[in-house]
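Asks:
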C-alpha cells in the first residue's frame, strides 16, 4: 500500500500550532494537540473526543477519546519527520511529538483490489524524558530523546504508544477496513492499592471495548504493568471478555504462563529470546469482515541502545507485525458522517445466507432512522422510525447494490441528512434532503447490503439521528 493522505498534527510539517483542551471537571488535566485544522473544543462537554479524516473517504477516519483513569498530557518537543504512521502520546513525564497518518491505497480501483496488507505497532516506555516545561532538566535525558528519535526514524515503525492512561482510535487502513486501537499505560506498583487500581484499569479498558468496539477488529497495546505469572493481575479480562489474543503468548507457542508460577523476567540487556515476559503487551482480534493475525513478535531493545551500550528506555520496546485480510463473503463500506452518538454494529447478527427482504428510510429534513429486515426475520432498527418513513419491500431476486448518503454539520454535530438506496433492478427509496457533502457506497460485484454499522443518537429535540453510517455487504447467491 502507498501513503495517500493529508498530514495530521504536523506530519512532515515544520511549523504547527498548539491547541489546549482543558477538562473543567479535572482542573489539573489538559490535552494539547499540535497540528493544523483542529476544531475548537466544545465547552459544553468535559473530556475530549476528536475525529480526524486523514485519508479521505468522506467520513471519520480516526477517533481520539481520552480515558478517565489518569489524566493525559501532551507537549510537542521535537519535530520528528517520519514517513510511516506514528502516534506518540505522553503523560506528565512523557514529552513527544504527535503524528498519525494511516496508509491507504491511492485510488478506489486499487482499494477494491487490495484485500490484504501489513503494518506494525510498537509499545515502549520513554518515562523521564526531558522537557523545558519542567524545572528538573537533565541533559542526559535530552540526549536519550534525540537517540530515540533517530532510532524511530531509521526503522519502518507503524503506530507507537508511549502514553499514560488510555486513548481510543478508530483507524482506517483501507476502504471499509477499520481497526479500533487502544493505547494504554496502567497504574504501576505491587502494593494492595496499586494492584486494585491496575485491575480497575484493565476492567475499564475491557468494558470500554465491549461498549464501543462491538463487531470491530481491535488492537490493545501499551504498558499493562501486568504479568500472567502474577496472580493479582487480570489480563484475562482482555482475553476472555473481549476475545483478544496476546501476540507474545501466540509467539511462544500459545500457552499462557500459569498464574503464580515463577516470573519470566527479561534481563536489562538485549534479550536472547522472546521467551521472557515484558509488561508491555500487544493484544488483538479480527472481526467477521477482517482477518487479523500477528506475523511476528520482537523485542526491539537492540535498536534503542545508547553509544555506551545501555538501554535508552526502562522497558524493552515491543514490536508486533500484523497482516490483515478481508474475509470472503463479507465486506464493509467506509463510514460517513460525524463522530457523535452511540456505537452500533449489525455485523455479528447477520446471517450470511439470509438477504434483506425489507428496508425503510425515515425522515424529511434529515435521516431520522432506518429499518432493515432479513429473510430470517432478524430486524435492525437504528434511530427513530415513528415519523415519515418510506418502505421498500424487496422481491426474492432484489438486493440493494448502492447507497447514497449526504451529511452536514449543524449546531456542532454532523448529521446524515439524506439517504437513497438502489437495488440491482433499479428500484429506489430515499429520505431527507441532499447536501453538499455526499458519497455513494457501491457494493462489490456479487454483493448486496445486509446491515449497517456506525453511530446513532438523539438531539436536543429527541429526534433520532444517524450520525455516522457504513454499510455491510454479503455475497448474493443469484
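Residue numbers (UniProt numbering): 1 to 478. Don't be surprised by glycine CBs; every beta carbon is placed ideally from N, CA and C.
Is it true that the CB of residue 382 sits closer than 8 Å to the CB of residue 365?
Replies: Contact: no.
Asks: Taking 7 Å as the cut-off, is the CB of residue 315 close to at least one heavy atom of the ligand COA?
Replies: Of the ligands one can find in the structure shown there are none, so the ligand COA has no counterpart to examine.
Asks: Check whether the Cβ atoms of residue 206 and residue 242 sit closer than 8 Å, and answer yes or no.
Replies: Yes, these two residues count as a Cβ contact at 8 Å.
Asks: Going by CA-CA distance only, name the one from 259, 177, 216 and 221 that's closest to residue 186.
Replies: 221
Asks: So, at 7 Å on beta carbons, what are the nonlocal neighbours of residue 331 in its own chain, with the 5 sequence-adjacent residues on each side left out?
Replies: Correct list, in chain order: 176, 289, 444, 447 and 473.
Asks: Would residue 328 be called buried (16 or more neighbouring beta carbons within 10 Å of its own) or exposed?
Replies: Exposed is the call here.
Asks: Give me the residue from 393, 414 and 215 with the minimum Cα distance to residue 532.
Replies: Only positions 1 to 478 of the chain appear in the structure, and residue 532 is not among them; the question remains open.
Asks: Determine, using beta carbons only, whether residue 207 comes closer than 8 Å to chain C.
Replies: The structure shown contains no chain C; it holds only a single protein chain.
Asks: Quick one: grab the DSSP three-state call for residue 170.
Replies: strand
Asks: For the candidate residues 417, 322 and 340, whose alpha-carbon lies nearest to that of residue 361?
Replies: Minimum Cα distance to residue 361 is reached at 417.
Asks: For the beta strand (DSSP E) containing residue 439, list its first residue and its last residue.
Replies: Segment 437-442, the beta strand (DSSP E) holding residue 439.
Asks: Let's test the definition: count the other Cβ atoms within 10 Å of the Cβ of residue 225 and tell me whether it reaches 16, buried, or not, exposed.
Replies: Residue 225 is buried by the Cβ-count criterion.
Asks: Nearest by alpha-carbon distance to residue 216: which of 281, 343, 166 and 337 is it?
Replies: Comparing C-alpha distances from residue 216 to each of 281, 343, 166 and 337 shows the shortest one belongs to 343.
Asks: Where DSSP assigns a beta bridge to residue 425, which residues make up the other side?
Replies: Answer is none; residue 425 lacks a bridge partner.
Asks: So what does DSSP say about residue 198, is it helix, strand or coil?
Replies: helix
Asks: What's the C-alpha gap between residue 349 and residue 311?
Replies: 48 Å
Asks: Based on DSSP bridge pairs, tell me the residues matched to residue 116.
Replies: 325
Asks: Measuring only the C-alpha atoms, how far is residue 51 from residue 214?
Replies: Summary for residue 51: the model assigns pLDDT 29, below 50, so the residue's position carries little reliability; its value from the coordinates is reported in the next sentence. Computed Cα separation, rounded: 19 Å.
Asks: Report the rounded CA-to-CA distance for residue 195 versus residue 223, giving the unit in angstroms.
Replies: 14 Å
Asks: Across the segment 397-412 and the segment 435-443, are there enough close Cβ pairs to call them in contact, namely three or more that are closer than 8 Å?
Replies: yes
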